[in-house]
Structure formats: C-alpha cells, structure tokens
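Below is one structure, written out as structure tokens, with a few remarks after it.
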Amino acid sequence: MSKILIIAEHNGMALNISTARCVACAKQIGAETIDIAVFAENGDVIASSAAKLEAVNRVLVIDNAANQHLIASSLEPQIAAISSDYSHILAPGTTFGRDFMPRVAAKLGVPQVTDIMGVEGDRVFTRPNYAGNAIVKVEAPEGIVVGTVRTASFKAVPETGSATIEKMDVDVNIPSHTRFVGQTTGGSGERPDLQSADKVVSGGRGVGSKENFQLIYDFADKIGAGVGASRAAVDAGFVANDMQVGQTGKIIAPDLYFAFGISGAIQHLAGIKDAGVIVAVNTDPDAPIFEVADFALVGDLHEVVGQLATAIDAP
Amino acid sequence: MKILVSVKRVVDFNVRIQIKSDGSGVATDGVKMSTNPFDEIAVEEAIRLKEAGKAQEIIVATVGSQTAQEQLRSSLAMGADRAILVQTDDEIQPLTAARVFEALVKREKPDLVLMGKQAIDDDCAQTPQMLAGLLEWPQATFASKIEITDQQAVVTREVDAGLETLSVDLPAVISTDLRLNEPRFTKLPDIMKAKRKPIENLSLDDLNVDIALGLKVLSTSPPPIRKAGVKVESAEALVSVLKEKGVL
Ligand SMILES: Cc1cc2nc3c(=O)[nH]c(=O)nc-3n(C[C@H](O)[C@H](O)[C@H](O)COP(=O)(O)OP(=O)(O)OC[C@H]3O[C@@H](n4cnc5c(N)ncnc54)[C@H](O)[C@@H]3O)c2cc1C
Ligand SMILES: Nc1ncnc2c1ncn2[C@@H]1O[C@H](COP(=O)(O)O)[C@@H](O)[C@H]1O
Chain A
293 MSKILIIAEH NGMALNISTA RCVACAKQIG AETIDIAVFA ENGDVIASSA AKLEAVNRVL
353 VIDNAANQHL IASSLEPQIA AISSDYSHIL APGTTFGRDF MPRVAAKLGV PQVTDIMGVE
413 GDRVFTRPNY AGNAIVKVEA PEGIVVGTVR TASFKAVPET GSATIEKMDV DVNIPSHTRF
473 VGQTTGGSGE RPDLQSADKV VSGGRGVGSK ENFQLIYDFA DKIGAGVGAS RAAVDAGFVA
533 NDMQVGQTGK IIAPDLYFAF GISGAIQHLA GIKDAGVIVA VNTDPDAPIF EVADFALVGD
593 LHEVVGQLAT AIDAP
Chain B
8 MKILVSVKRV VDFNVRIQIK SDGSGVATDG VKMSTNPFDE IAVEEAIRLK EAGKAQEIIV
68 ATVGSQTAQE QLRSSLAMGA DRAILVQTDD EIQPLTAARV FEALVKREKP DLVLMGKQAI
128 DDDCAQTPQM LAGLLEWPQA TFASKIEITD QQAVVTREVD AGLETLSVDL PAVISTDLRL
188 NEPRFTKLPD IMKAKRKPIE NLSLDDLNVD IALGLKVLST SPPPIRKAGV KVESAEALVS
248 VLKEKGVL
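Chains as they are written, first to last, in our numbering: chain A, 293 to 607; chain B, 8 to 255.
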C-alpha cells in the first residue's frame with residue numbers, strides 16, 4: 293500500500309484549495325497513509341485547515357523563518373529530507389508546485405509525472421501533453437513516485453477529517469543564494485479566485501481595450517463570476533498576467549465559462565477543457581471557439597454583454 | 008558573462024497534431040517542426056544581454072537528432088555565437104536532458120543558463136528546475152523580466168497570484184515565460200552568416216551521461232472531444248437556456 297506525502301500550498305495565512313484537490317488524487321491512488329507537509333514561518337493556522345481534509349492522517353508542520361516565503365531551492369532539501377518514508381510525493385500543478393517539484397525529483401534521481409489528470413494504478417497515470425491535444429498513459433519506474441496534480445481534474449475533498457498535527461524539525465542546510473524581493477498581485481481584486489470559481493467570464497482581444505474590459509468586470513460581478521482573459525488580452529495590456537487562462541496560464545474547471553471575443557486557439561482551449569458549460573460570443577461565425585462551445589452566440593460583445601445583463605434582470 | 012541557452016526542436020505550435028491510430032504516439036512525419044517558442048525567447052534574452060554589454064558569449068545547445076541542427080542554425084542566425092548538438096536518436100526525457108546540460112555546464116562554465124519554461128510537446132516544465140537542482144544552483148522559473156547586476160540576477164516571475172520578484176546569485180538557471188520579450192525575425196544576411204558559425208557534435212558518451220530511468224509511455228490517445236453545441240439567436244435566448252440548465 294502507498295504512503296503519500298502532499299506538499300501544502302498556502303500564502304502564509306490560508307491553505308490553498310489546490311491542496312484538497314491533491315488529497316483527492318491521493319485517495320484515488322489508494323493510500324495506507326496520506327500526510328500533508330506544511331512548510332511555513334508559522335504554520336499553525338494552515339495546519340489546522342489541512343487537518344480537516346478528509347482522509348488525511350497526519351499534518352506535519354515544519355516551521356522555519358526560512359519558510360516565510362516558499363522558495364524552490366529552500367523547499368527542495370527539506371522535502372528530500374522527509375521523503376524517505378513515502379512511496380509518493382505530490383504537489384499541486386500550480387506555479388507553486390511546478391517550481392520546486394522537478395528539483396526534488398532530480399535530487400531523488402527519479403522522473404516527475406507533471407499534471408496528473410487521472411489515476412490508473414499506483415504508478416500509472418494519465419497526463420496531457422501537446423496543450424492537452426494528446427493524453428498519455430505513463431508508468432513511473434520503481435522508486436519514489438514524484439508528481440504534480442492537474443488541479444482542474446480533481447474535486448477538492450470535503451472538510452470532514454481530523455488528522456493529527458505534528459511539529460517537525462528538519463535539519464538541513466538551506467541555501468542563502470536566493471532572496472525573496474517582493475510580490476504584486478494582479479488586477480481582478482476581490483472577485484472569486486479563477487482556479488476555484490463556479491463561474492468565469494473571460495475576455496479576449498475582441499474586447500478591444502483596457503477601458504472596454506470594464507464591461508467584462510461588470511458582467512462578472514453581476515453573476516458572481518471570476519474574471520479571466522486570453523493571452524492576447526494580457527499581452528495587449530488589457531489585464532494582468534495572473535488572469536491568463538490556457539496552456540501557459542491557468543487551467544480551470546468552472547461550471548460555467550463565458551468567452552467574449554476569444555478566437556479559441558488550442559493554447560487557450562487547453563485551459564477550459566474541463567469547464568461544465570462553455571458559452572462563446574464572437575462576431576466571427578467561423579471562430580474555432582464555436583467548435584467547443586455548448587452555446588454559441590454570433591454577435592458583437594459590446595452589445596451582447598449589456599443585453600445579457602438586461603435579460604438576467606428581466607422577470 | 009557567458010550564457011548557455013537550451014533549444015528544443017518541437018512540433019510547431021500552429022500544427023493541429025494527429026495521434027497515430029495504434030495509440031503509439033503523435034505523428035511527426037512530414038509535420039512542421041520549430042524551435043520551442045519559450046526557447047526562442049531564451050535565445051532572444053541572451054542576445055539582448057549581449058547587446059547591452061552584459062554578456063560576451065552565447066552558446067546554444069540541444070539534445071536530439073541530427074535534424075535539430077536546423078534549430079541550432081536558427082538560433083545562430085538570431086545572434087548566438089556557437090552551438091552544441093548532443094546527438095541521440097533516443098527519446099530524451101527531462102531528467103536525462105538535465106543531466107546532459109549539467110555535463111555541458113561543467114564543460115563550458117557559463118554564468119547563466121537560460122531555458123524555456125516548458126517544451127510545448129511534452130508540456131513537462133521540469134528540465135530547468137532539475138538542472139538547477141543537480142547543480143545546486145539558484146533557479147528562477149517563469150521569468151517575465153530579468154535584470155543582471157554584478158553577480159546577481161533580479162528576476163520577475165509570473166506566478167498564479169501575480170508577479171513575484173526574486174534576487175539570485177549567479178551562476179543560476181532561469182526559465183523564460185512568454186512575456187519576457189518578443190523574439191526578433193532573422194534577416195537573410197544573418198542566416199548566411201550563421202552558416203559559418205560552428206556547431207560542435209557530441210554524443211551522450213562524450214559527456215558520460217546515461218539515459219535516466221524514465222516514465223514508460225503505455226499509450227497515447229486523443230482527449231475526449233467536446234462536441235460543438237447549439238447556436239442561440241439572442242441574448243435573451245441564451246439567458247433562458249442557461250437558467251434552464253441551472254448554471255446561471
Ligand atoms: C507557446 C504558446 C503558449 C500560449 N499560451 C496561451 C495561453 O495560455 N492562453 C491563451 O489564451 N493563449 C495562449 N497562446 C496564444 C494563442 O495562440 C492565441 O494567440 C491567443 O489565445 C489569442 O487570443 P484571442 O483569442 O483573445 O485573440 P484573437 O485570436 O485575435 O481573437 C480575437 C477574437 O475576437 C473576435 N472579436 C473581435 N471583435 C469582437 C467583438 N466586437 N465582439 C465579439 N467578438 C469579437 C474575433 O472574431 C476573434 O475571434 C499561446 C501561444 C503560444 C505560442
Ligand atoms: N532535448 C532537449 N534539448 C534541448 N533543450 C531541452 C531538451 N529538453 C528540454 N529542454 C529545455 O528545457 C525546457 C523545458 O522542457 P520540459 O521540461 O521538457 O518542458 C525546454 O524549453 C528546453 O529549453
């Protein structure tokens with residue numbers, strides 16, 4: 293039976309939902325034990341959230357001033373030091389997990405399974421490549437299995453657990469060659485988080501300008517949605533980079549996705565394949581986005597957005 | 008400063024790939040191949056550092072078949088100084104690629120290694136971090152801005168929460184994101200000039216690198232297809248179907 297260690301993602305204050313999705317993946321692997329490691333400056337609050345996740349046995353808290361900001365080269369020796377008891381180490385396939393996990397795998401001398409989207413055995417997984425246009429079934433070789441979890445493929449486990457919380461000292465040399473300078477967060481403010489929102493409204497180049505993007509925000513606020521964008525909209529400076537959806541942006545799985553003025557390049561579609569219902573509004577009846585949209589409306593978004601708002605308000 | 012840049016030959020990003028009917032992989036015969044877009048950005052960044060007087064020499068390297076020479080030539084035409092082809096016809100996974108680059112780093116002693124954040128064929132996003140780990144060097148992944156000061160790089164990284172800035176001591180491995188720069192187009196004279204720039208051929212044996220135990224690919228299949236849905240004629244009709252479905 294497998295013993296699985298999951299590296300918790302958090303921002304120093306709260307646990308990220310991606311961790312609960314990793315637990316769902318671990319459950320499918322079939323584990324004798326599932327432990328979560330919280331690396332933080334002071335991980336108590338985060339650990340108590342992690343301890344509530346279903347099916348988790350132990351939460352290990354590794355408090356260290358060096359963990360105030362989680363830096364790949366600091367995490368790697370700490371994770372490697374506690375890895376020997378486990379058959380699997382998992383982390384979310386977010387920019388957090390993608391950063392340090394390959395470094396851990398290299399240190400342990402094993403390959404990494406990036407973006408686990410399905411579990412077919414304790415070391416057999418499916419994962420996407422070519423921007424999700426091919427799905428490969430891969431088998432990890434003997435030795436510890438190191439993988440990142442495509443979070444859009446797993447539903448977070450509920451908070452029905454009661455794991456034990458243990459403080460742990462990990463005595464390793466943490467390099468001083470990398471320093472955290474700062475972080476800025478992007479533009480979508482207090483709106484629902486893209487990666488966990490039930491509804492997402494995205495705008496593309498067709499929105500036309502930063503000013504026009506207000507239409508998208510207003511509509512999103514009306515229906516309580518998170519806001520996303522295509523790469524073209526980010527590159528044109530309409531919105532911040534953290535709103536990009538797609539192969540190189542965020543992979544999301546909302547119940548409802550609106551694409552306004554987005555053509556539907558394969559790199560964008562890679563980010564929305566798991567959405568429940570896709571709605572596309574585009575002036576071009578031949579836009580590729582219509583090949584995947586459940587509901588297609590040919591029209592000028594600048595008119596349609598307002599009409600949608602009115603129709604929602606109508607009794 | 009000396010910069011080593013990795014370039015990988017991949018199926019061009021515009022190609023709609025086809026899965027072989029026996030599930031053994033993706034068809035690449037007769038398909039347009041290009042430099043991985045993120046690697047082109049890495050080459051461009053190295054050239055800009057050289058143009059700014061921060062770097063003296065740019066070496067581009069690839070691990071792959073003889074045909075990958077084309078990608079090295081393109082990088083040389085963009086402005087790299089010389090190239091290394093580590094030639095193998097075996098399938099190279101990230102851990103092996105990282106070990107090859109580790110060996111190249113020991114040979115060439117660069118101050119900076121620039122790599123694409125992800126190869127758009129395998130979508131692994133592993134090799135740069137693996138290389139940094141093997142060398143015990145600092146890493147800064149997903150870079151959208153790089154500033155080199157003496158013996159340090161200040162790197163802005165694209166992360167889920169926004170932008171993060173790290174300062175790393177050199178030597179370091181940096182992986183590039185899309186918004187770092189826009190690669191230049193090469194002009195015919197540059198392409199001609201690049202023909203005279205040297206490409207060194209090495210084998211895995213020359214570098215003493217064994218192929219690492221990798222993932223075994225059991226099968227390749229197309230993703231579940233989302234079927235095109237229905238056209239709706241008006242915003243009102245759209246709202247009413249979405250309400251009916253219970254998603255709005
Ligand atoms: C390596 C790589 C990675 C990439 N990663 C991503 C990624 O993660 N995410 C991503 O999105 N892209 C990514 N891209 C870019 C991708 O290939 C496309 O260029 C991009 O998605 C296009 O964005 P767009 O649809 O907004 O713009 P366009 O393709 O220019 O489409 C604009 C659309 O708006 C429509 N339109 C115009 N005016 C109106 C109007 N008034 N009303 C309604 N519709 C209108 C047009 O008909 C058109 O269909 C990547 C590319 C590469 C090479
Ligand atoms: N065989 C290879 N030859 C040259 N560079 C490579 C090779 N494999 C990976 N890389 C580099 O590592 C980056 C990330 O690749 P990957 O980890 O496969 O997603 C790529 O953008 C390349 O810069």
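Where a beta carbon is used, it is the ideal one built from N, C-alpha and C, also for glycine. These figures come from a predicted structure and were not determined experimentally.
- Excluding the 5 residues flanking it on each side, LYS295/A has same chain C-beta neighbours closer than 7 Å at ALA323, GLU324, THR325, ASP377, TYR378, SER379, in chain order.
- With respect to chain A, the C-beta atom of GLY236/B has a partner C-beta closer than 9 Å.
- Within chain A, the residues ALA398 have their CB atoms less than 7 Å from the CB of ALA105/B, given in chain order.
- Of all alpha-carbon atoms in ILE328/A, LEU345/A, PRO369/A, the one lying nearest the alpha-carbon of VAL351/A is that of ILE328/A.
- By the Cβ-count criterion, ASP167/B is buried, with 16 or more other Cβ atoms from all chains shown falling within 10 Å of its own Cβ.
- Between VAL33/B and ILE26/B, the C-beta spacing is below 9 Å.
- In terms of beta-carbon proximity, GLN100/B lines the interface with chain A, with at least one pair separated by less than 9 Å.
- A Cβ-Cβ separation of about 5 Å places GLU346/A in contact with THR452/A under the 8 Å criterion.
- In the assembly as shown, GLU207/B is an exposed residue. Its beta-carbon has fewer than 16 other beta-carbons within 10 Å.
- Collapsing the DSSP output to three states places SER501/A in coil.
- The alpha-carbon of ASP407/A is positioned some 10 Å away from that of ILE543/A.
- Taking each of GLU333/A, CYS317/A, VAL492/A, GLN404/A in turn and checking the Cα distance to GLY304/A, the smallest one comes out for GLU333/A.
- Relative to ligand 1, GLY518/A has its C-beta separated by 8 Å or more from all heavy atoms.
- Nearest C-alpha to GLN559/A among THR575/A, GLY538/A, ALA579/A: GLY538/A.
- Two segments are said to touch when three or more pairs of C-beta atoms, one from each, lie closer than 8 Å; by this definition the segment 520-531 of chain A does not touch the segment 99-112 of chain B.
- For the segment 368-396 of chain A, the residues whose beta carbon sits under 8 Å from a beta carbon of chain B are, in order, GLU368, THR386, THR387, PHE388, ARG390, ASP391, PHE392, MET393, PRO394, ARG395, VAL396.
- Counting along the chain, the unbroken alpha helix (DSSP H) around GLU77/B starts and ends at 76-85.
- The beta-bridge partner set that DSSP reports for MET40/B consists of VAL18/B.
- Residues of the segment 459-488 of chain A with a C-beta atom less than 8 Å from some C-beta of chain B are PRO467, HIS469, THR470, ARG471, PHE472, VAL473, GLY474, GLN475, THR476, THR477, GLY478, GLN487, listed in chain order.
- Sorted by chain position, residues whose beta-carbon lies closer than 6 Å to a non-hydrogen atom of ligand 2 are SER13/B, VAL14/B, LYS15/B, ASN43/B, PHE45/B, ASP46/B, THR69/B, VAL70/B, GLY71/B, ILE99/B, PRO101/B, ALA104/B, MET122/B, GLY123/B, GLN125/B, ALA126/B, ASP129/B, CYS131/B, ALA132/B, GLN133/B, THR134/B, PRO135/B.
- Within a 10 Å sphere around the beta-carbon of LYS502/A sit fewer than 16 other beta-carbons, which makes this residue exposed.
- Contact annotation for LEU297/A against chain B: no contact, minimum CB-CB distance about 18 Å [criterion: below 8 Å].
- In the structure shown, GLU51/B falls within a helical segment according to DSSP collapsed to helix, strand and coil.
- Any Cβ of chain B closer than 9 Å to the Cβ of LEU600/A would place that residue at the interface, and such an atom is present.
- By the criterion of at least three beta-carbon pairs nearer than 8 Å, the segment 81-101 of chain B is in contact with the segment 51-66 of chain B.
- Here the alpha carbons of GLY474/A and ASP513/A stand approximately 29 Å from one another.
- Taking 8 Å as the cut-off, the C-beta of LEU507/A does not count as close to any heavy atom of ligand 1.
- For VAL12/B, the CB contacts under 8 Å within the same chain, skipping 5 residues up- and downstream, are ASP46, ALA49, VAL50, ALA53, ILE65, ILE66, VAL67, ALA68, SER82, ALA87, VAL120, LEU121, MET122 in chain order.
- Collapsing the DSSP output to three states places ILE26/B in a strand.
- LEU142/B and LEU214/B have their C-alpha atoms spaced approximately 16 Å apart.
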